[in-house]
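Q:
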Amino acid sequence: MNMNILLIILDATRADHLSCYGYNRNTSPVIDAIAREGVLYENAISPAPWTLPAYSSILTGMFPSKHRVNRHQPILDGAYSTLPEILRSSGYEVFGVSNTVWISDATQFNRGFHQFLKAWQYWQSDSDLNNKRMVTLSNQEVGVLKDILKTFMKDNVFKNLINAFYSAFLFQRRDDGANRVNRLAKRLLNRYYSGKNPFFMMLHYLEPHLKYHPPGKYKSLFLDDDFNVHTINKVNQNAWDYICQKVQMSNVDFAILRALYDAEIFYVDSRIGEIVHFLKNNQLLDNTMLIITADHGENIGEHNLMDHQYCLYDTLLKVPLIIRYPGVFPPGIRIQKQVQTLDIFPTILDILDASEDMIFEQLQGESLVPTGIDNRYRDFSLAEYLVPQPSSAALKKRYPDFDASQFDRALKMIRTDEFKYIYASDGRDELYNLQEDPEETHNILSTHFIIKDKFKKDLLKWLEDFDDVEGDKISFEFNNVARKKLEGLGYLQ
């Protein structure tokens with residue numbers, strides 16, 4: 000089949016903050032229109048609550064316990080094939096644009112792509128300098144300085160200087176990178192796509208990841224009129240300061256953050272509209288399978304958390320998933336049954352009628368191609384948080400007066416339409432009735448031992464085929480420059 004594929008992955012985007020999922024704010028008019036022309040999955044569950052393992056699951060069709068990618072092991076085992084690799088071997092021209100170092104050549108996520116571009120670089124280079132927001136130097140950070148000096152001297156010094164200036168002063172002058180992602184995506188199709196073969200393109204948008212600072216005209220879209228600039232700017236956006244109780248935050252503070260978060264969604268939605276318009280103008284849209292999803296969700300004060308770590312609640316796991324492809328996915332359909340983002344890989348292979356047995360042995364997802372019956376949808380979904388990120392040691396170093404040991408645990412989850420059971424390696428298991436308590440605020444474990452025991456047995460039985468990876472480490476570290484880049488996004492190292 001001569002089908003193009005555009006996979007759009009939003010960062011940190013909750014399904015319940017999109018208007019097509021019933022949200023009370025009009026945050027996603029473009030995505031809403033796409034959903035009306037395709038299939039919307041009401042209960043799409045990410046298999047992991049943060050970017051690195053969640054992306055690994057999307058691109059391999061496997062759960063974290065199988066692909067084993069986590070903070071200790073950030074590079075995918077070469078024995079596993081990725082979606083870009085399979086499509087390339089099938090004759091596709093394969094392109095990607097990323098706006099996070101987690102999904103880059105630093106973690107070898109450029110595997111299989113003919114062209115893979117990093118949005119924060121003006122000239123694409125393996126020599127990766129940080130921008131002003133992501134690198135801070137002090138007298139103690141000698142390692143960072145050494146890495147920067149080494150990077151300047153590597154390859155083309157002039158290009159490195161231009162990249163440094165671009166990252167520091169120009170890259171985020173308009174937004175968090177969505178404008179740049181779109182420009183690069185158009186460049187790839189205009190300059191490198193031959194038109195002789197179908198293309199696969201993966202676009203990663205950082206918006207609406209913390210910190211929430213939507214472009215000027217979008218900033219006030221959802222803010223109450225009585226919030227002045229000073230009030231908005233002083234609201235804490237450091238997740239770890241809040242989680243570790245360095246700062247206290249009020250309901251008003253979180254109302255402001257939600258408004259800014261929603262404005263970022265509205266903004267990136269408009270950028271998606273720009274890409275859709277580009278495809279339409281180039282007569283590519285109706286022959287392109289358009290998939291819109293997110294790697295994970297976001298906590299905005301729920302469960303006394305911010306960002307997307309330390310839990311497996313629906314705030315982090317329930318993500319949008321919309322597929323538009325005329326002739327295969329009928330328009331205006333909403334699927335209530337649970338699906339998972341790792342189902343995207345086998346869905347694409349099913350449409351292409353791929354027959355590589357080795358790949359299907361790898362895949363743990365299910366095809367979502369409509370068949371007229373419901374047996375392709377799941378009775379339950381699974382998610383895992385193998386290694387805390389940041390570690391309790393990193394939190395302790397930054398916040399010595401806070402007891403971070405409560406986060407030093409692995410979590411595994413099984414979710415049906417009615418219940419969610421969360422297994423915790425420290426024994427603090429949780430059980431929620433999702434029909435009666437969709438916000439997961441009342442742990443009923445102590446009064447429902449029979450249900451808990453059944454779920455625990457089912458979960459551990461499913462996981463017994465995989466090696467324990469909670470303590471796995473390999474000899475890999477981001478260099479100090481990349482590490483500081485991640486710190487700038489809120490990832491303590």
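Take 0 as the starting number for the sequence shown in numbering that gives the first Met the number 0 and just add one per residue. Virtual Cβ for every residue (Gly too), placed ideally from N, Cα, C.
How would you call Val-143, buried or exposed, if buried means at least 16 neighbouring beta carbons within 10 angstroms?
A: With a pLDDT of 42 at Val-143, under the threshold of 50, the modelled position of that residue is not reliable, and the figure given next carries that caveat. By the neighbour-count rule (16 or more Cβ atoms within 10 Å), Val-143 is buried.
Q: Quick one: give me the first and last residue of the alpha helix (DSSP H) that Leu-289 is part of.
A: Unbroken run through Leu-289 is the beta strand (DSSP E), 287 to 293; no alpha helix (DSSP H).
Q: By DSSP, does Asp-268 sit in helix, in strand, or in coil?
A: In this structure, Asp-268 counts as helix in the three-state DSSP scheme.
Q: Expressed to the nearest angstrom, what Euclidean distance is found between the alpha-carbon atoms of Glu-297 and Tyr-376?
A: Distance between the alpha carbons of Glu-297 and Tyr-376: 25 Å.
Q: Using a threshold of 8 Å, state whether the C-beta atoms of Gln-337 and Ile-8 are closer than that.
A: Taking 8 Å as the Cβ cut-off, Gln-337 and Ile-8 do not qualify as a contacting pair.
Q: Could you please give me the residues that DSSP links to Met-305 through a beta bridge?
A: DSSP lists Ile-299 as partners of Met-305.
Q: If you reduce the DSSP assignment to three classes, tell me which class Arg-67 lands in.
A: Coil, per DSSP.
Q: Figure out for me which residue from Asn-250, Asp-294, Asp-175, Leu-202 has the closest Cα to the Cα of Gln-114.
A: For Gln-114, the nearest C-alpha among the options comes from Leu-202.
Q: Keeping to the same chain, check which residues put their C-beta closer than 7 Å to that of Pro-214; ignore five residues upstream and five downstream.
A: Arg-173, Asp-174, Tyr-266.
Q: Do you know offhand how far Arg-110's Cα is from Phe-226's?
A: Computed Cα separation, rounded: 46 Å.
Q: Where does the unbroken beta strand (DSSP E) through Ile-321 begin, and where does it stop?
A: Looking at the DSSP string, the run of the beta strand (DSSP E) that includes Ile-321 is 320 to 323.
Q: Distance, Cα to Cα, Asp-252 vs Gln-123?
A: Looking at the two C-alpha atoms, the distance is approximately 39 Å.
Q: Checking the sheet assignment: what are the DSSP bridge partners for Arg-35?
A: The partner list for Arg-35 (beta bridge, DSSP) is empty, contrary to what the question assumes.
Q: Given a threshold of 16 other Cβ atoms within 10 Å of its Cβ, counted over all protein chains shown, does Leu-160 qualify as buried or as exposed?
A: That one is exposed.
Q: Per DSSP, which one or two residues make a beta bridge with His-203?
A: Bridge partners of His-203: Ile-8.
Q: Whose C-alpha, out of Cys-310, Ile-291, Met-305, Thr-340, is nearest the C-alpha of Tyr-324?
A: The candidate whose alpha carbon is nearest that of Tyr-324 is Ile-291.
Q: Assuming the contact rule is C-beta atoms closer than 8 Å, Pro-52 and Val-68 should be a hit. Round their C-beta distance to whole Å, please.
A: That belief holds up - the Cβ atoms of Pro-52 and Val-68 are roughly 5 Å apart, short of 8 Å.
Q: With a CB to CB cut of under 7 Å and the five nearest residues on each side skipped, what residues in its chain are close to Asp-31?
A: So the list reads Ser-18, Cys-19, once near-sequence residues are dropped.
Q: Am I right that Thr-12 and Pro-319 are in contact with their C-beta atoms under 8 Å? What's the rounded C-beta distance?
A: Confirmed, about 6 Å.
Q: Output yes or no for whether 8 Å exceeds the beta carbon distance between Gln-388 and Trp-101.
A: Not in contact: Gln-388 and Trp-101 (Cβ atoms no closer than 8 Å).
Q: In angstroms with no decimal places, state the Cα-to-Cα distance between Gly-95 and Ile-449.
A: Distance between the alpha carbons of Gly-95 and Ile-449 is about 47 Å.
Q: Count the other CB atoms within 10 Å of the CB of Ser-56; is the residue buried (16 or more) or exposed (fewer)?
A: It is buried - the Cβ of Ser-56 has at least 16 other Cβ atoms within 10 Å.
Q: Measure the C-alpha to C-alpha separation of Ala-409 and His-212 and round it to an integer number of angstroms.
A: Looking at the two C-alpha atoms, the distance is approximately 32 Å.
Q: My output table needs one value for Asn-181: the three-state DSSP class, helix, strand or coil.
A: Of the three classes helix, strand and coil, the one that applies to Asn-181 here is helix, per DSSP.
Q: Alpha carbons only, please: which of Lys-419, Asp-402, Glu-439 is nearest the one belonging to Lys-453?
A: That would be Lys-419, whose Cα lies nearest to the Cα of Lys-453.
Q: Ends of the alpha helix (DSSP H) at Ile-443?
A: No alpha helix (DSSP H) contains Ile-443, which DSSP labels as neither H nor E.
Q: Roughly how many angstroms separate the alpha carbons of Ala-184 and Asp-425, rounded to a whole number?
A: When rounded, the distance between both Cα atoms is 45 Å.
Q: Grouping DSSP H, G and I as helix and E and B as strand, with all else coil, what is Leu-410?
A: If DSSP states are grouped into helix, strand and coil, Leu-410 belongs with the strands.
Q: What number of angstroms, rounded off, separates the C-alpha of Leu-5 from the C-alpha of Ser-380?
A: Distance between the alpha carbons of Leu-5 and Ser-380 is about 25 Å.
Q: Give the single residue among Gln-107, Leu-86, Gln-282 whose Cα lies nearest to the Cα of Leu-75.
A: When each option's Cα is compared against that of Leu-75, the closest is Gln-107.
Q: Where DSSP assigns a beta bridge to Met-419, which residues make up the other side?
A: For the sequence presented, residue 419 should be read as Lys rather than Met. Per DSSP, Arg-414, Tyr-431.
Q: Let me check one thing: in DSSP terms, what residues is Gly-95 bridge-paired to?
A: Beta-bridge pairing links Gly-95 to Phe-115, Met-201.
Q: Using three-state DSSP, classify Arg-13 as helix, strand or coil.
A: Correct three-state label for Arg-13: coil.
Q: How big is the Cα-Cα spacing for Ser-219 and Ile-264?
A: So the two alpha carbons sit approximately 13 Å from each other.
Q: From what residue to what residue does the alpha helix (DSSP H) around Ser-55 run?
A: Run containing Ser-55: 50 to 59, per the alpha helix (DSSP H) assignment.
Q: Within this structure, are the beta carbons of Asp-285 and Val-29 separated by less than 8 Å?
A: It is not a contact, given that the beta carbons lie outside the stated cut-off.
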